[in-house]
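S.K.: The structure that follows is given in the form of structure tokens.
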Amino acid sequence: KNEVEQSPQNLTAQEGEFITINCSYSVGISALHWLQQHPGGGIVSLFMLSSGKKKHGRLIATINIQEKHSSLHITASHPRDSAVYICAVTGATNKLIFGTGTLLAVQP
Amino acid sequence: NAGVTQTPKFQVLKTGQSMTLQCAQDMNHEYMSWYRQDPGMGLRLIHYSVGAGITDQGEVPNGYNVSRSTTEDFPLRLLSAAPSQTSVYFCASSYSRLGSLGYTFGSGTRLTVV
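These protein sequence lines are chains A and B, in that order.
Using my numbering, read the first sequence as starting at 17 and increasing by one per residue.
Using my numbering, read the second sequence as starting at 2 and increasing by one per residue.
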């Protein structure tokens, strides 16, 4: 079983929909990261969380340390949000452990 | 622009050839790392460095060497390329190993070994 699990693996939404991507982890962490990767592109860091909630534009990230769970929400989704969203945690060895990613396609 | 610069973006090698993937950052980050990304798997750590002159192995180090002679540069060397090393490689840096201020990733190198 992977130490970082994401769901769903694939997600198709219509423009304007509210989107939620989930991340569960099984190890102790010091931080959780949400990353974005466009097709054929580099990786961009969206959020780093150690507790609570962060918001940037239409993106919201939350984390529940007790439940070892985080969610990434996208409000008013747009086709340009189409990308792979990756959850990663900084574990006890201070190394990043990555989920396998969620492929999001937002259709106009 | 400040950031992490990776070169080349694409490379095709023959089995047995050697090459170096370049990674440079201009943010004075102490921590640098190399990952490989394969279909259906999360990124996996190859090697990392917590500062100039200090390197250590990650999860999948076999077949790769690194060095960190300066804070800015962290090249990854493939000693004798194998088809199993076909992958997309990413370099990343951060102020500290904890990544407390987040990580900056390069744009990636797509390597094919034939």
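Where a beta carbon is used, it is the ideal one built from N, C-alpha and C, also for glycine.
All values reported here derive from a predicted model rather than from experimental measurement.
1. So the beta strand (DSSP E) residue 81 of chain A belongs to, where does it begin and stop?
2. Whose Cβ in chain B lies nearer than 8 angstroms to the Cβ of residue 57 of chain A?
3. Give the residues from the stretch 25-44 of chain A that approach chain B closer than 7 angstroms (Cβ to any Cβ), ordered along the chain.
4. Given that residue 28 of chain B touches chain A, what residues does it touch there, using C-beta distances under 9 angstroms?
5. Counting pairs of beta carbons, one from the stretch 9-26 of chain B and one from the stretch 80-97 of chain B, are three or more of them closer than 8 angstroms?
6. Name the two residues that bound the continuous beta strand (DSSP E) containing residue 122 of chain A.
7. Just to confirm, is the Cβ distance from residue 88 of chain B to residue 38 of chain B under 8 angstroms?
8. For residue 123 of chain A, which residues of its own chain have a beta-carbon under 8 angstroms away from its beta-carbon, when the five flanking residues on both sides are left out?
9. Chain B partners of residue 116 of chain A, CB-CB under 7 angstroms?
10. Excluding five sequence neighbours on each side, which residues of the same chain lie with their C-beta closer than 6 angstroms to the C-beta of residue 6 of chain B?
11. Whole angstroms is fine: what's the gap from residue 105 of chain A's alpha carbon to residue 12 of chain B's?
12. Taking the C-alpha atoms as reference points, what is the distance between residue 51 of chain B and residue 73 of chain A?
13. Less than 8 angstroms between the beta carbons of residue 14 of chain B and residue 48 of chain B, yes or no?
14. Less than 8 angstroms separating the beta-carbons of residue 107 of chain A and residue 43 of chain A?
15. For a test of the three-state rule: what should DSSP assign to residue 25 of chain A, helix, strand or coil?
16. Since residue 43 of chain A is in the beta strand (DSSP E), which residue starts that stretch and which ends it?
17. Run through chain B and tell me which residues come within less than 9 angstroms of residue 20 of chain A, C-beta to C-beta.
18. Out of B/108, B/114 and B/113, which one is the CA nearest neighbour of residue 4 of chain B?
19. Under DSSP, the beta strand (DSSP E) around residue 54 of chain A begins and ends at which residues?
20. Return the residues of the stretch 58-76 of chain A that lie within a Cβ-Cβ distance of less than 8 angstroms from chain B, sorted by chain order.
21. If I'm right that residue 70 of chain B touches residue 83 of chain B with Cβ under 8 angstroms, what's the distance once you round it to whole angstroms?
22. Residue 59 of chain B touches chain A at which residues, Cβ-Cβ below 8 angstroms?
23. Under 8 angstroms, Cβ to Cβ, is there at least one residue of chain A near residue 75 of chain B?
24. Which word fits residue 113 of chain B, buried or exposed, when buried means at least 16 other C-beta atoms lie within 10 angstroms of its C-beta?
M.R.: Short version:
1. Residue 81 of chain A -> no beta strand (DSSP E), and no H or E assigned at all.
2. 108 and 109
3. none
4. Those within 9 angstroms of residue 28 of chain B in chain A number zero; the least Cβ separation is about 13 angstroms.
5. yes
6. Here the beta strand (DSSP E) through residue 122 of chain A covers 118-123.
7. yes
8. Contacts found: 28, 29, 30, 31 and 95.
9. 41, 42 and 43
10. 25
11. Approximately 30 angstroms, taken between the alpha carbons.
12. 33 angstroms
13. no
14. In this structure, residue 107 of chain A sits near residue 43 of chain A, with a CB-CB distance shorter than 8 angstroms.
15. Residue 25 of chain A: coil per DSSP, three-state reduction.
16. Unbroken run through residue 43 of chain A: none, as it is neither H nor E.
17. 43
18. B/108
19. Run containing residue 54 of chain A: none; DSSP gives neither H nor E here.
20. 58, 59, 60, 61 and 64
21. That pair is no contact at about 26 angstroms.
22. 111
23. It does not; no Cβ of chain A falls within 8 angstroms.
24. exposed
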